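The listed protein sequences correspond, in order, to chains Y, D, E, W, U and L. Residues are numbered in my numbering as their position in the first sequence, beginning at 1, plus a constant of 1479. Residues are numbered in my numbering as their position in the second sequence, beginning at 1, plus a constant of 1479. Residues are numbered in my numbering as their position in the third sequence, beginning at 1, plus a constant of 1479. Residues are numbered in my numbering as their position in the fourth sequence, beginning at 1, plus a constant of 1479. Residues are numbered in my numbering as their position in the fifth sequence, beginning at 1, plus a constant of 1479. Residues are numbered in my numbering as their position in the sixth sequence, beginning at 1, plus a constant of 1479. In this text, a Cβ means the ideal position worked out from N, Cα and C, and glycines have one as well. This structure is a prediction, so every number in the text was calculated from the model and none was measured. Inspection log for the structure reproduced underneath, given as C-alpha cells.
6 protein chains.
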Amino acid sequence: MRRCVFGLVVLACATSLYGEQRPEGPDASEVSAPEGFRANRVTYSAIMEVLASTRGTVSDADLEALKLLPLEAIWSGLGDYRVNYVRGFVSTQPGERVVGRALTMRFLPPRPDFVEAIDTLAAEGDWDRRYYARAAEEAQPGDVVVAELGGTDGHNLFGGMGALGIKLRGAAGVVIDGGSRDLIELQGDGFDGFPVFSRFFDVKTTSWLGVEWNAPVRIGQVTVLPGDVVVVDDGGALFFPSSQVPAVLESAAARATVEEYERELLRSRMHRFRDVYPLSPELREQFERSR
Amino acid sequence: MRRCVFGLVVLACATSLYGEQRPEGPDASEVSAPEGFRANRVTYSAIMEVLASTRGTVSDADLEALKLLPLEAIWSGLGDYRVNYVRGFVSTQPGERVVGRALTMRFLPPRPDFVEAIDTLAAEGDWDRRYYARAAEEAQPGDVVVAELGGTDGHNLFGGMGALGIKLRGAAGVVIDGGSRDLIELQGDGFDGFPVFSRFFDVKTTSWLGVEWNAPVRIGQVTVLPGDVVVVDDGGALFFPSSQVPAVLESAAARATVEEYERELLRSRMHRFRDVYPLSPELREQFERSR
Amino acid sequence: MRRCVFGLVVLACATSLYGEQRPEGPDASEVSAPEGFRANRVTYSAIMEVLASTRGTVSDADLEALKLLPLEAIWSGLGDYRVNYVRGFVSTQPGERVVGRALTMRFLPPRPDFVEAIDTLAAEGDWDRRYYARAAEEAQPGDVVVAELGGTDGHNLFGGMGALGIKLRGAAGVVIDGGSRDLIELQGDGFDGFPVFSRFFDVKTTSWLGVEWNAPVRIGQVTVLPGDVVVVDDGGALFFPSSQVPAVLESAAARATVEEYERELLRSRMHRFRDVYPLSPELREQFERSR
Amino acid sequence: MRRCVFGLVVLACATSLYGEQRPEGPDASEVSAPEGFRANRVTYSAIMEVLASTRGTVSDADLEALKLLPLEAIWSGLGDYRVNYVRGFVSTQPGERVVGRALTMRFLPPRPDFVEAIDTLAAEGDWDRRYYARAAEEAQPGDVVVAELGGTDGHNLFGGMGALGIKLRGAAGVVIDGGSRDLIELQGDGFDGFPVFSRFFDVKTTSWLGVEWNAPVRIGQVTVLPGDVVVVDDGGALFFPSSQVPAVLESAAARATVEEYERELLRSRMHRFRDVYPLSPELREQFERSR
Amino acid sequence: MRRCVFGLVVLACATSLYGEQRPEGPDASEVSAPEGFRANRVTYSAIMEVLASTRGTVSDADLEALKLLPLEAIWSGLGDYRVNYVRGFVSTQPGERVVGRALTMRFLPPRPDFVEAIDTLAAEGDWDRRYYARAAEEAQPGDVVVAELGGTDGHNLFGGMGALGIKLRGAAGVVIDGGSRDLIELQGDGFDGFPVFSRFFDVKTTSWLGVEWNAPVRIGQVTVLPGDVVVVDDGGALFFPSSQVPAVLESAAARATVEEYERELLRSRMHRFRDVYPLSPELREQFERSR
Amino acid sequence: MRRCVFGLVVLACATSLYGEQRPEGPDASEVSAPEGFRANRVTYSAIMEVLASTRGTVSDADLEALKLLPLEAIWSGLGDYRVNYVRGFVSTQPGERVVGRALTMRFLPPRPDFVEAIDTLAAEGDWDRRYYARAAEEAQPGDVVVAELGGTDGHNLFGGMGALGIKLRGAAGVVIDGGSRDLIELQGDGFDGFPVFSRFFDVKTTSWLGVEWNAPVRIGQVTVLPGDVVVVDDGGALFFPSSQVPAVLESAAARATVEEYERELLRSRMHRFRDVYPLSPELREQFERSR
C-alpha cells in the first residue's frame, strides 16, 4: 500500500525534471569554437585549461638534481602519484637515464575520413602532419617526447631521421608506448645521451596519426599530462607534476643520508639487519647525533 | 670542393627560416577558448570540427537493414574502411547483435590533479563525472556506447545499475575496450536485447575517468569516431561512417543474391565448387538470366 | 672527524649483538616434532595454529543466504578482504554458483626424492597419496575443494571419477588454480549442481603431488585459508573468513533494498540518473519514509 | 540377476568400512604441536622431516667444481632430476653464474587475518617478518636465496638494502620467482659477484608475506627443496639434491674430455660430423687409445 | 706428446673421407622428378611414401565405435601416441564431436614468387588454388579437414561457402590451426553435425596459400599424417594411425566396464574411494566374478 | 516459375561434370616417384621445381654490399617482399649481423611411425637424421641455416657441437624459429662472427625431426624459400629472392646519399625539418646540383 502512494508522489514531482534533461550532441546552447581555434599549436584540452593555473614548470636545476636519484627514491616521495609508474620498455642506450619535461602526443590508427581531416588541420595549423617531424621543429631543450601509440600492439613513432631532428632540438629523450624503427642506428654512438624507450622495434614505417599535441595521454596504465616531470631508465618511467619535486628532493635526500648510514652499519656486520633497516631507536639516536 | 660551396649557400639562405620556427606551447598568437567553451556537452575535437560538415547520420531504416547482414557481408562492402574491425570481446548476450550509432567515451587512469580537474569540469558542465551515469542521462535511442578503457589491462566501465540507466535511454548496446562489473546480472533476462561486449568482467568498481565525450577514441587498433555506424556480434565489431551505408547495403544485397544462388547450385551437387564460387562465366550468365 | 668517533662507538657496542645471531637451519634449541605428528590428518601450519582460536565456521544458513547474493554485493561488504577476488576460471556448469567452506590443497611438481617422501607420509597417515582420492574420503558436506596447482602452466587435479567421489561426499564444488580432465563428463547432467571451476581442461592424467592439506594456499594472487567462505560463479571467486559474513549479509541486504528502489525509480524515467544512483538527499528521504 | 546378488554382498560387507572413515579436520586423535614448536626457526615440513636422514650437504669443493660446468653438462648427468630446470629469469649481472645451496622461502599475498598471524609468529620466533631481512640475519655462506613469489604476476622480494644484507652474510646469489626492486643499484659494481635472477623489476615495495622458511617451494614448474644444490646463469636454473653431485661431476668430466676431443676432430675438418659426434667406433677406439 | 702423435694419425687417415663429403644442393646424381609428377593430386612426401605400406584405413564401423568413447578413454589406450593431443580450439557447434580420417593441408604466407608458382601448379594439376575449394571438390565422406595455418597468429582457412562445399562432400568436420570466417553462419542450424574447430574467428578473407595436400602437417605441437584417425570435441583433438584403433577400442571397452562398476560402488557409499578406484584386490575379484 | 525452369536446366547439364570429379588420394593416374627419388639430397618440393629456372644465386660481392646496409634501407627497396620481415629473435652475439643464403629445414614433432620413417629415409639417403648434423656436413660457405621449429612453443635445433660443425663449414649464421641449447657457449668468443638468432634457449636436447631439407619453410608469418637472401641482426630478419638485390642496392645507395645530405642539413639547424625530410623542391634542387 505504501508503495502505491509513493509511486504517485514520484509521478507528480518528477515530470519536469525529466523534461529538462539535455539532449545528446551539440545544440544551440553550445559555445562555438572561435575562428582559427583549431589551428592553435597546442591541442585544446578542457582538462589542461582547468589545470593551467596550477601547473608550474620544473627548473633545469631540479631536473639535474632528479637525475642523480634512483627511480625508487623518487617513487618513495611521490605520495599519491606513486601510481604513475610504467615499466616494460626497451632502451636503445642501456644504462642511460632521461629526466625532462613531457611533450605529449596521442596517436590513432588511420581511416580515410580521419586521414583527410588530419591533413586539413596540419595545413591550417602550419605544422607537419607527421608528429615526429613536428617535434623536430617544436620540441624545446629538456623535453621528453611521450607518445601514446597503442602499446605492444601499436605502431612505430619514427626512425633515425626523426630521432635526429628531435635530438637536435635539445630534447632529452623519447618514451613510446608503441614502437620505433632503426633500432641499430639508435643504439649507435650518434645517439649517445638520447635514449629512446620503446615497447618494440620494427622496420615498418609509421602509419598512425598524431591527433593531439601536448594534451593528456595514456602510457601503459598511467595518465601523463604535458609538462609532467619524466624520469625514465632501464627500471621504468615515472611521470609527475612539478609541484611534487620539492617534496621528492627533500625526502630523497633524507632517505639517501639515512641509507648511506645504514649501509655503513650493515657493512660493519655488528648489528642485526632489523636494527639497521629501519634504524632501531638507539641507532637512530646515534645517527641523529652523528650528523 | 663543391660541398664547401654548398655549405655556404645553405648558411646564407636559411637563417631567417630557422628564426621563424614557432616555439612549443601556447603563446600570444594562440586563439583563446571562449568563456564556457569547456562546459560544452560534446568534448571539443578539432578533428570532428573539420569533419562535421561531411558526417551524416545513419537512418533507423538503414540500421534495421544492416541488422540483417552478416558482419562479413558488411565488411566486404567497406572498401578502405575494412581496417575498422575489432575482435576479442565477450558478450553478455551470446547470439545477439547490436547495430547503432557510436556514442564514444575516452577514459584515462586517475591521478590527483587529474581527478580534481575532472570534478571541476563536471560541475561546470553540469554532467555526472561518472561517464556511464552521464550516458544514462544523455544517450539517445539507437546509440551504442563505445568506451576506450585500456583494453585487457584496463578498467571497468560500469555495473548493472549504469547499464540499466543506459538501456532505459533506448541505447542499443555497449562496446567496451576494457571491463565491466555485474556479469551475471547483465547475462540475465533483464538485459535481453541490450548486449554488453567487453574484454573482461571483474567485480571491482570503476576508477578510471571519462576525459572526452563524443570525440575520437581507439578500440583495439581501430579509430572510432562519434556517430560512426557500429555493428557488433559474437564475431567482432565494425565501425564506419554513415556515408558507407548505401554502398554496403547495395553490395551486400547483390552478394546475398548471388550467394543464395551459389548455395543452391552447391546443394545440387552438380557442379565443381570452383565453377560455383565464384560463378563461372556460364553459370553467371544463367544466374543473370534467371533473375 | 665526527664519523670516526661514531665508528668506534659502533665497534664497541655491537660485537656481542652479532655473536648472538642465530645460525640457519635446525639446531639443538629447536623443538622437535612429537612422534606421529606428521601423520596428522591436517597438515601442520604455524599460521593456522595462530589463527585457530579466531576462525569460526560459517553456518549452513549463512551459506544459503550468501548463495542468493551477487558476487559484487558480497565484494562490496568485504572491506579489507576485497583483495581476495580471483577471476579467469572456466566452469563445467555455466550459470551455476558454488557457496561453501574451503577445503584447501597445495600441489607441487614431482621429483624422485619428493615422490618417495610423499609415499611414506601417505602410508604413515593412512590417506591416499592422490589428494583428489583423499578428498573423496574426507570432504565434508558443504566443502569446496580449493586446489593450488600451478595456474595456467600447472597440472590436472582429477577426472570424472575423482569428481564423482568428492560430489558423493556432499561437497559443493571445486576451484582449481590448474587443470582438470574429463571436461565433457563434468559438463554432463551427472554433475549438475557440482561445478568445477578450472583454468583449463586437458586429457592428461595428473602427476603433481599434494603436499599440504587444509593449510594456506595461493589461488591466483589471493591467499586462501582452510575454512574460508568460498563464493564462486562465472564472474569469479571470493574467499573470506566467516567473521566477515554478518557484515556482508547486512550490507548486502541494505544495498539490495536501496538498489531495488533505485531500479524502480530509474524505470519510472522521471529522475536524472545522478539523483537516483546514488539517491539524492530528497530521494533518500523519500526512500526512508517509504520503508 | 547376478547384479542383484552382488548388490547385497556389497551391502553386507561394507557398512563397517564406511563407518571407519575418518572425519575431515583435526580431531582428538591428532597429535598436538608441542609448546614453542611454531617458533622453530625452520618451518616445519612433514616432507622434509621424512627426507632429513637422506639429505646430505654439498661440499664447498663440489660447489667449486660445479661452477666450472655448463648448465647443459650438469643437466645431462641429472637423470630423473632433469625435470628440475627453470628458465626465464633476468639477471642483474649478465655473464655471472651462481652455484650454492638453496635457502628457500615461500610467500603469499596479504590479507588482514593472515598479516596478523604472521606478526605473531615473527614475534614468537624472534625473526623479522620481512623474510629478506630474516635472510640478511640467517643466511649462511654459500646459500642461494630461492623465493617462491608468484612468478611474473607476483610481487617483489626486496631492494638494494636487503640484497646488501644478504650479500654480507656470504650468500652466493638470489633466484626469485617474482620480482625485485632497485634494478639499477643491483646492476652496479657494488653487487659484482652477487647476481639476482628475477622474473621482473619494479619500483614498488614488497607486500607479500613470507610464510615458510626452508620448506619446499615451487619455482616455475619445479619443486625446490631447502638444501638443494642450485646452479643458475643466464641460461636458466637447475635444482637437485647433493646426492646427485658425484654422478654429475663424473659424467660431466667424461663428457668434457670426449667433447674436447670431438671439437679437435671437427676443427681438423677431416671427418664427417656424424663420425665425430658421437664418435664412430673407430674414432672412439682412437680416443680411448689416446688417453 | 701423445696428443701430437694422435694429430698426425688423424691427418693421415682422414683426407679422403673429407673429400667425399657431398656438396649441398641438387647435383647430377640426384634423381629427377618425372614429367607430370608435380601435378599429382597428393603432394609428394618422402615420409608418406616410406609409410605407405603400413598405413591402413580405419573402417566406418570403427569410427562409429570411437565416436562413443570419451577423449580420455581413447587417450589412455594410445601408448606412445599419447603425445598426439592438442587443445585450445573453439568449436562452432559446442557439444558435438567429430571422428574421421585426416585430410591434411599445409598453408604458408604469400610472397610474389610463391604466389606465382602456386598458380602454375594449380593450373597444371587442375585443382583450385584455394585449398578449401579443392577440399570442396575432393574431400571424401568421413574426412576431417586438418589445416596447418599458423596457429593463433595465422590466417583464415575459409568462410561459410567453403564450409558448405566441404560439408556437402560428406566430410565430418574441420580442425584449423589458424582461423575461420563466418562464425555466426557456422554456428547456425545449417551446420549442425559439421563442427569447425578453429583457433579464432575473423572477418578477413584468407590470403595464405595451400602448399601441400595430404602430406604431414603440424597442429600445435603435434604431427598429423594424412589418413590419421581424428577425434575432436570441446576437450581437444587426438590424431593417431588406424593401427592403434583395435587396442584403443579394447582398452576403452575394458576400462568402461570397470569404471561403470566402480561408479556403482562409489554411489553405494560403502567403500573407501581408494578401494574402488582402482579396485582393491577383493573388489576386483568380486568384479571378475560378477561378469 | 522462372526458378523451376532453371532448376531443370541445371539438372540436365551438370550430371556429367560431377561424374568427372577426381577422387581423393593417389590413384592409377598418378605419376609414381622413380626409384631412389626420395633419397635425393634436396627434399622434393613442387613449388621449388616450378621456381627453379627463375631462382638465381646472390653473389658474394652482393652479400658484402648488403652487409653494410641497415635493415630499414633494405626493407624500403623490397617492394612486395616487404612482408618478408620477422622480429623477436634473441641473438647470441648482440651487435653482429648475418647476411647469406638460406639453407632451410623444416622440423616436426616426433611420433613413433614418423620417427621410424625418418630413420629409413636417412639411411637410404645417407644423411644424418639429425638435421643440424646434416648441416654440419652439407652447409656451404655463406649459408644461413633457417629452421622452422615451432616458434616459442617449439623445440631446440642444436647445441654448441652442432653449431661448431656448421660454423666450420663456413656458414654465416643461424636463424631458428624455435630454440637452441648451450646459450653460454654460443655467447663466447669461440662463436664470434657466427650469431645464432633463436626464439629461446633451453638446456633440453632436441627431439623434433627434420622432415624437409631446402624446401619452403615458415618463419613467424613469413615464407622462406631455400636460396633466399637472408639479412638478420638485432632488429629482425629479412628474406627475399636474389632477383631483388639489384633494386635493393640501387635504392639503398640513392637513399643513403640523400639521407646523408639530409642529416647534414638537419645538423646545420637552418631548415625546418619538413623541408629537409623529405627534401623540399628547393633543397632537392640544391642536392641535385651538389652531386
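query, result
"7 Å is my cut-off, CB to CB: does E:N1563 come that close to chain W?", "yes"
"Answer with yes or no whether the minimum CB distance from W:Y1756 to chain L is below 7 Å.", "yes"
"Considering only the alpha carbon of each residue, which of L:A1733, L:S1759 and L:A1732 lies closest to L:L1744?", "L:S1759"
"Measuring straight from C-alpha to C-alpha, what distance separates E:V1565 and E:I1698?", "7 Å"
"Consider the Cβ of D:G1714: report whether some Cβ of chain U lies at a distance smaller than 7 Å.", "yes"
"Quick one: give me the first and last residue of the alpha helix (DSSP H) that W:R1660 is part of.", "Taken as a continuous stretch (DSSP letters only), W:R1660 belongs to no alpha helix (DSSP H), as it is neither H nor E."
"Could you tell me if U:E1627 is buried or exposed, where buried requires 16 or more neighbouring beta carbons within 10 angstroms of its beta carbon?", "buried"
"Check whether the Cβ atoms of Y:L1643 and Y:S1659 lie closer than 7 Å to each other.", "no"
"E:G1689 and E:M1584: beta carbons closer than 7 Å?", "yes"
"May I ask which residues mark the beginning and end of the alpha helix (DSSP H) holding U:E1575?", "Here U:E1575 belongs to no alpha helix (DSSP H), and DSSP marks it neither H nor E."
"For the stretch 1717 to 1751 of chain U, which residues have a beta carbon sitting closer than 9 Å to at least one beta carbon of chain D?", "none"
"Does any residue of chain Y bring its CB to less than 7 Å from the CB of D:R1753?", "no"
"Using Cβ-Cβ distances below 7 Å, what residues of the stretch 1547 to 1559 of chain Y are close to chain W?", "P1549, L1550, E1551 and W1554"
"Does E:F1586 come within less than 7 Å of chain U when only Cβ atoms are used?", "no"
"Against chain W, with Cβ distances strictly below 7 Å, would L:E1616 count as a contact?", "yes"
"How about W:V1624 and W:A1615: are their beta carbons less than 7 Å apart?", "no"
"Can the beta-carbon of E:E1739 be found less than 7 Å from the beta-carbon of E:Y1756?", "no"
"Counting only C-beta atoms, is E:D1605 closer than 7 Å to chain U at any point?", "no"
"What first and last residue would you give for the alpha helix (DSSP H) that runs through W:V1548?", "The sequence shown places Leu at residue 1548 of chain W, rather than the Val named in the question. Counting along the chain, W:L1548 falls outside any alpha helix (DSSP H), and DSSP gives it neither H nor E."
"Does any CB atom of chain E fall closer than 7 Å to the CB of D:R1660?", "yes"
"Are the CB atoms of Y:E1551 and W:V1682 within a distance shorter than 7 Å?", "yes"
"Is Y:G1633 closer than 7 Å to Y:G1652 when the C-beta atoms are compared?", "no"
"Pick helix, strand or coil for U:R1650, following the three-state DSSP scheme.", "According to the sequence provided, residue 1650 of chain U is Ala. The question's Arg does not apply to it. Three-state DSSP puts U:A1650 in coil, outside helix and strand."
"Thinking Y:V1537 and Y:R1576 are a contact (beta carbons under 8 Å), I'd like their distance in whole angstroms, please.", "Contact doesn't hold; Cβ gap of about 15 Å is too wide."
"Counting only Cβ pairs nearer than 7 Å, list the residues of chain Y close to W:F1434.", "As shown, chain W starts at 1480 and ends at 1770. That puts residue 1434 of chain W outside it, with no answer to give."
"Name the chain D residues whose beta carbon is nearer than 9 Å to that of U:M1640?", "E1738, E1741, R1742, L1745, F1752, V1755 and Y1756"
"Less than 7 Å separating the beta-carbons of Y:E1617 and Y:A1518?", "no"
"Looking at the structure shown, is E:M1584 part of a helix, part of a strand, or coil, going by DSSP?", "strand"
"If we define contact as Cβ-Cβ less than 7 Å, is Y:V1701 a contact residue for chain D?", "yes"
"Note down the Cα distance separating E:D1713 from D:T1685, rounded to an integer number of angstroms.", "20 Å"
"Distance, Cα to Cα, D:G1621 vs D:G1535?", "15 Å"
"Less than 7 Å between the beta carbons of W:E1664 and W:G1641, yes or no?", "no"
"In chain order, what residues of the same chain have a beta carbon less than 6 Å from the beta carbon of E:V1675, not counting five sequence neighbours either side?", "T1571, V1653, S1659 and L1665"
"Of all the options W:V1724, W:D1592 and W:P1549, which has the alpha carbon lying nearest to the alpha carbon of E:V1562?", "W:D1592"
"What does a CB cutoff of less than 6 Å around Y:D1661 pick up in its chain, not counting 5 residues either side in sequence?", "G1638 and G1639"
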